Amino acid sequence: MKRAIVTGGSGFIGYHLADYLSGQEGMEVTVIDNFARGCSDRMFQSLIGKANVIFIQADMTEKGFYRQLSGKYDYVYHLAAINGTKNFYERPYDVLRANILTLMNMLEWCTPDNCGSFLYSSSSETYAGTINCFLEDHAGYIPTREDIPLTIDNVLNPRWSYGGSKLIGEIIAANYGRVNHLPVKIIRYHNIYGPRMGFDHVLPEFIKRIYDGENPFTIYGGEETRAFCDVRDGVRATEAVMLSERCEGEIVHIGKSDEEIRIIDLLKKLLNIAGRNPQIKVEPAPEGCVLRRCPCTDKLYRLTGYRAEISLDQGLPEIYEWYMRTYQEMEGQQ
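Start counting the sequence shown at 159; every next residue gets the next number (the numbering used here).
Right, dumping it as structure tokens:
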């Protein structure tokens, strides 16, 4: 039997990854979380109720958490982190502390004797400074490759508490693996979406406002572009990186590069799915908003043979229906 650990398994991508892995024959999955960001809803309870899933509720900023682990694990997927824009601004030190300590404590438990391969999840937030500083003069940064220089444009901006923690984490993970002869892979997620992604992202927010019948529908900016990747593609790509020896010591994007879309056009797609036609009122974009984000995923395909398959036209109706049901249930409970 193969054994895997997924930290942050009650969160959005962590839950979907753990659920996907638990569906494989001959796989035991240990989920570690403390619900600092994730939640113990019906879907999560169903996951940890499976015979091949073990749940450990633990604060990974405390070294002693790993006393609950025993034996060797073939795969360690480290996704635990404090995310969310509100947290970046209101709790920047907590974000830095939790994200760095959980990684260091997990790594210091991992040795070649108890860990077959370690995967660290980073983020497209690491590119924010580079894109803000250089995009205007260097349009070649889009689609963004893994090897472009990374820039922190303002260390005093609390938003960098998250992106900075991920950048530091990449350095820590890469060098720990090198020194300790541990296979380490680093991924950077780019705009993953799907059921159970929370309520603070653009898609759930738009769907909630459609549910509420907002008219006029106010959008701030709208010309900004993003490239969205369905979470089912995201977890399959994550596993592909973990299983590929060619990804050892590499940084690989997880995302979808062929459907970069303006945010206003994303809204129009959702309105079309909903059968709504409100007036759209465009206001100026928030200061510091990144104009374009789109990953180059050629390296993912070259090293693993995997390419995202689920189009927005397939994924958007599904997430729309999921969130509409969720909002109806929430209203019914009030």
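All C-beta atoms, glycine included, are put in the ideal place defined by N, C-alpha and C.
Here the structure is a predicted model, which means the values were calculated and not measured.
Residue i and residue j look like a contact to me (Cβ under 8 Å); what is the Cβ gap, rounded to whole Å?
{"i": "residue 325", "j": "residue 284", "result": "5 Å"}
{"i": "residue 391", "j": "residue 466", "result": "4 Å"}
{"i": "residue 451", "j": "residue 279", "result": "Not really, about 17 Å apart at Cβ, beyond 8 Å."}
{"i": "residue 385", "j": "residue 413", "result": "6 Å"}
{"i": "residue 417", "j": "residue 470", "result": "5 Å"}
{"i": "residue 476", "j": "residue 421", "result": "At roughly 20 Å, the Cβ-Cβ gap does not stay under 8 Å, so residue 476 and residue 421 are not in contact."}
{"i": "residue 331", "j": "residue 448", "result": "Wrong, their Cβ atoms sit about 25 Å apart, outside the cutoff."}
{"i": "residue 485", "j": "residue 366", "result": "6 Å"}
{"i": "residue 170", "j": "residue 356", "result": "6 Å"}
{"i": "residue 261", "j": "residue 327", "result": "5 Å"}
So, helix, strand or coil for residue i, using DSSP?
{"i": "residue 310", "result": "coil"}
{"i": "residue 102", "result": "Beyond the ends of the chain as shown, which are 159 and 492, falls residue 102; an answer cannot be given."}
{"i": "residue 185", "result": "strand"}
{"i": "residue 387", "result": "strand"}
{"i": "residue 203", "result": "helix"}
{"i": "residue 357", "result": "coil"}
{"i": "residue 464", "result": "coil"}
{"i": "residue 174", "result": "helix"}
{"i": "residue 448", "result": "coil"}
{"i": "residue 366", "result": "helix"}
{"i": "residue 160", "result": "strand"}
{"i": "residue 282", "result": "helix"}
{"i": "residue 382", "result": "coil"}
{"i": "residue 428", "result": "helix"}
Using DSSP's beta-bridge definition, name the partner residues of residue i.
{"i": "residue 376", "result": "439"}
{"i": "residue 277", "result": "235, 343"}
{"i": "residue 453", "result": "302"}
{"i": "residue 115", "result": "The displayed coordinates of the chain run from 159 to 492. Any statement about residue 115 would go beyond what the structure contains."}
{"i": "residue 158", "result": "Within the shown structure, residues of the chain are numbered from 159 to 492, placing residue 158 beyond reach of any answer."}
{"i": "residue 409", "result": "344"}
{"i": "residue 421", "result": "Its beta-bridge partners do not exist; DSSP assigns none."}
{"i": "residue 350", "result": "387"}
Less than 8 Å between C-beta atoms, sequence neighbours within five positions excluded: which residues of the same chain meet that for residue i?
{"i": "residue 400", "result": "233, 235, 275, 277, 343"}
{"i": "residue 224", "result": "263, 264, 267"}
{"i": "residue 270", "result": "338, 339, 340"}
{"i": "residue 425", "result": "364, 375, 377, 380, 438"}
{"i": "residue 192", "result": "215, 216, 217, 218"}
{"i": "residue 259", "result": "218, 219"}
{"i": "residue 226", "result": "214, 216"}
{"i": "residue 159", "result": "184, 185, 186"}
{"i": "residue 428", "result": "361, 364, 365, 368, 474, 478"}
{"i": "residue 251", "result": "319"}
{"i": "residue 351", "result": "359, 361, 386, 387, 388, 389, 473, 477"}
{"i": "residue 229", "result": "161, 272"}
Report all residues from its chain with a CB closer than 7 Å to the CB of residue i; omit the five preceding and five following residues, and keep chain order.
{"i": "residue 246", "result": "253, 316, 317, 319, 320"}
{"i": "residue 373", "result": "436, 437"}
{"i": "residue 221", "result": "263"}
{"i": "residue 301", "result": "415, 452, 453, 454"}
{"i": "residue 323", "result": "253, 254, 257, 258"}
For residue i, which residues of its own chain have a beta-carbon under 6 Å away from its beta-carbon, when the five flanking residues on both sides are left out?
{"i": "residue 189", "result": "164, 167, 176, 213"}
{"i": "residue 410", "result": "345, 399, 457, 458"}
{"i": "residue 393", "result": "174, 175, 178"}
{"i": "residue 430", "result": "none"}
For chain D, is any of its Cβ atoms less than 8 Å away from the one on residue i?
{"i": "residue 218", "result": "This model lacks chain D altogether; it includes just one protein chain."}
Inset, instruction - Evaluate contact between the segment 220-235 and the segment 160-180, counting only Cβ atoms and requiring at least three cross-stretch pairs below 8 Å. - result: yes
Inset, instruction - Assess, as a yes-or-no matter, whether the segment 182-190 is touched by the segment 401-409 under the definition of 3 or more beta carbon pairs within less than 8 Å. - result: Contact between the segment 401-409 and the segment 182-190 is absent: fewer than 3 CB-CB pairs across the two stretches fall below 8 Å.
Legend entry - Any 3 or more C-beta pairs closer than 8 Å across the segment 365-382 and the segment 345-354: A contact between stretches requires three or more CB pairs, one per stretch, nearer than 8 Å, and the segment 365-382 fails this requirement with the segment 345-354.
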